[in-house]
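Trainee: One structure follows; several queries about it will come next.
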DNA sequence: GTTACTCATGGCACCGATAACATACGCTCA
DNA sequence: TGAGCGTATGTTATCGGTGCCATGAGTAAC
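Chains as they are written, first to last, in UniProt numbering: chain A, 1 to 339; chain B, 1 to 339.
Structure (structure tokens):
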């Protein structure tokens, strides 16, 4: 390089201290808002920070304090891009507010080895906590080791050593969806669930089952998708071949898109022939054809609540507010023809 | 706590060194894959790592080496959750492969102040580089300062001091989409663009304009949305009121959903009355009704390429492969009635 | 056989903040 | 008046790697 001025190192606390005429320790205290700092001193420090263009060095802080002020977020690459995106935003917002940064690790598939590697990588990065937004299909000793050392919140109800679980009542979502169809007069409600590894999927299915039980209806065998619209399409083709199906509860909006398409291609109209209700209420649910009746989930708040739980640990008021679900009734559901 | 053994500190390189019977420096070299380490020594070191349960401390590394092996990703909370999600995955995958972690910062809106804060926050975290996936609506001195010090790749073509630009030819996308409609026999093509602050939006509009110019068609005034399905719906309502519209190029799939809905509600059928083509090819594009003809963008590779460019700086082969666009022809476009 | 050079390894200072401890000052109260 | 205490500030060691330089062994070249 031919630059005239050599690229000098970033100013450090010592530089600020010299400029402000105090010790580095006082600068540290002033910047962290320690109570025992004179107001006038603090002002001088802040002025010096501006003057020398000081930028905080979080690596040094992490090294000396042992805390990185970073949390690790584990996501699944496939499956539900809307929720992933919204959860990420919620996590990041809540973390940011608490002065934490967010480090992400995406695993390509639900594989224990990949999970171990992801957690390991984040642990190496020195995260202070984990938010795990994918199911832990199996908890290996290695995973237990890591989550025992580092506070963890799981979002889907998986349990591992020392992890807190943010319990959302997915069963309720399944119940609300199914009851809506029964209330419309449907005699039977079919179900296309998410992958069985996901506790969310299991809980929604359970809610469906319970609701049918309570109504004295024998539940038909559930079909299983993988959250993707393609899988919904495939399962929808099966549904389309079964006569007398008038109502289907699909475990996720994106799958529901595929189901509706499959039904339409087979000449079954939604909602005239078959009513469809699902869960999520993604942004496109209101704009597709027909607009989707769906149980709303607030993924953003879900993610934010996970961080609150992780950092503050106040289970109580978190769970209450996040757990609520609400039904957005649109045009993909209606009374059965002969109902 | 009543634990028998006090929670001791994590093992460090010194511990590994002692166990392996070498110096800490040799451990460091062995772990970083330095060429000048005896194979046998390396084996001993790796065994010792296993034995003592050593975990790398990246804060220490960052402090002493001055590089954090972390890159910062700036996203916009609203607007295109599919692309956000896919870009994030691509960035994370490419970064992970190169041994880098990803730190995210989401800005709630396209606001210069928020952008400054996001960059500043990531800079404080000590990121080695930025991938900025939102438009820089205005480049303030503060933003310039930060991006001058830290390598930056912008994804939408915004320019700022020292930033590399990953140039995807969005104009080509606009051209391909528009030409498809002309080829089908449409005499006129309307356009609903993205927000003018986005270079992507401007380029796609330019492509549309050029294509019409080349065909000797006078372009109608473009309408403008904000990428959201709701905005598509609003603009679609306007389009629906204009007689003789037979073809619309919508700048994004999510907006196209809203446009189609608005047209349908006004009794205009897609594609029989109006053909719709858009850009992105999100997962749901194939499953909505009617299935959407759209120009495919590979956001995942886009994100990955940004990281490659940032870390390796080999512009050449990156641009070529990513820039390509391809049209997915589905059922939302057809010949005009009297065409 | 000395020089020269490579390879494998060790020693030590240092990155920049913070924890822990020390100090200085001012004030209250016996 | 001096013990006792709280507040504001300074001093020093330390966190755990890495950069730089030194060292010794082995080997090729003259």
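Ideal placement from N, C-alpha and C gives every residue a C-beta, glycine not left out.
#1: Going straight from the alpha carbon of residue 336 of chain A to that of residue 267 of chain B, what length do you get?
#2: Any C-beta of chain B sitting closer than 8 Å to the C-beta of residue 68 of chain A?
#3: Chain A beta carbons: is any one of them nearer than 8 Å to that of residue 106 of chain B?
#4: With burial defined as no fewer than 16 other Cβ atoms inside 10 Å of the residue's Cβ, what is the status of residue 242 of chain B: buried or exposed?
#5: What beta strand (DSSP E) runs, 3 residues minimum, are completely inside the UniProt domain "HTH lacI-type" (11-65) of chain A?
#6: What's the C-alpha gap between residue 202 of chain A and residue 96 of chain A?
#7: Please list the segments of the alpha helix (DSSP H) lying wholly inside the stretch 200-252 of chain B, counting only runs of 4 or more residues, in order along the chain.
#8: Using the rule of at least 16 other Cβ atoms within 10 Å of the residue's Cβ for burial, across every protein chain shown, is residue 221 of chain A buried or exposed?
#9: Nearest CA to the CA of residue 211 of chain A: which residue from A/188, A/331, A/282, A/159?
#10: With a threshold of 8 Å between beta-carbons, can residue 204 of chain B be considered close to chain A, or not?
#11: Entirely within the stretch 70-108 of chain B and at least 4 residues each: give me those alpha helix (DSSP H) ranges in chain order.
#12: Distance, Cα to Cα, residue 324 of chain A vs residue 174 of chain A?
#13: Just checking: is the beta-carbon of residue 130 of chain A within a distance shorter than 8 Å of some beta-carbon in chain B?
#14: Touch check for the stretch 264-278 of chain B and the stretch 61-75 of chain B: three-plus C-beta pairs under 8 Å?
#15: Taking the C-alpha atoms as reference points, what is the distance between residue 281 of chain A and residue 87 of chain A?
#16: Judging by CA-CA distance, which residue of B/289, B/279, B/255, B/285 is the nearest neighbour of residue 271 of chain B?
#17: Alpha carbon to alpha carbon, how far is residue 27 of chain B from residue 37 of chain B? Give it in angstroms, no decimals.
#18: Go ahead and pull the three-state DSSP assignment for residue 282 of chain A.
#19: Return the CA-CA distance between residue 152 of chain B and residue 300 of chain B, expressed in angstroms with no decimal places.
#20: Between the stretch 284-296 of chain B and chain A, which residues of the former have a C-beta closer than 7 Å to a C-beta of the latter?
#21: Between residue 18 of chain A and chain B, is there a C-beta pair that is closer than 8 Å?
#22: Quick check on residue 308 of chain A: buried or exposed, where buried means 16 or more other Cβ atoms within 10 Å of its Cβ?
#23: Decide yes or no for the touch test of the stretch 38-55 of chain B against the stretch 67-87 of chain B: beta carbon pairs closer than 8 Å, at least 3 of them.
#24: Mind checking if residue 113 of chain B is an interface residue toward chain A, Cβ cutoff 8 Å exclusive?
#25: In chain order, what residues of the same chain lie with their CB nearer than 8 Å to the CB of residue 165 of chain A, ignoring the 5 residues before and after it?
#26: I'd like to know if the stretch 246-259 of chain A and the stretch 232-249 of chain B are in contact, where contact means that at least 3 CB-CB pairs between them fall below 8 Å.
#27: Just list the beta strand (DSSP E) runs in the stretch 145-208 of chain A, keeping only unbroken ones of 3 residues or longer that don't cross its boundaries, in chain order.
#28: Under 8 Å: do the stretch 239-253 of chain B and the stretch 212-219 of chain B share three or more Cβ pairs, one atom per stretch?
#29: Residues bridged to residue 277 of chain A by DSSP?
#30: Would you call residue 113 of chain B buried or exposed, if buried means 16 or more other Cβ atoms sit within 10 Å of its Cβ?
Mentor: This is what the structure holds:
#1: 25 Å
#2: yes
#3: True, the Cβ-Cβ gap to chain A drops below 8 Å.
#4: exposed
#5: none
#6: Residue 202 of chain A and residue 96 of chain A: Cα-Cα distance of roughly 32 Å.
#7: 229-241
#8: exposed
#9: A/188
#10: no
#11: 81-97
#12: If you take the alpha carbons of residue 324 of chain A and residue 174 of chain A, they lie about 13 Å apart.
#13: no
#14: no
#15: 14 Å
#16: B/289
#17: 9 Å
#18: coil
#19: 18 Å
#20: 284, 287, 288, 289
#21: no
#22: buried
#23: no
#24: no
#25: Contacts found: 153, 154, 157, 158, 159.
#26: no
#27: DSSP runs (the beta strand (DSSP E)) wholly in the stretch 145-208 of chain A: 152-154, 163-165, 190-193.
#28: no
#29: A/249, A/293
#30: exposed
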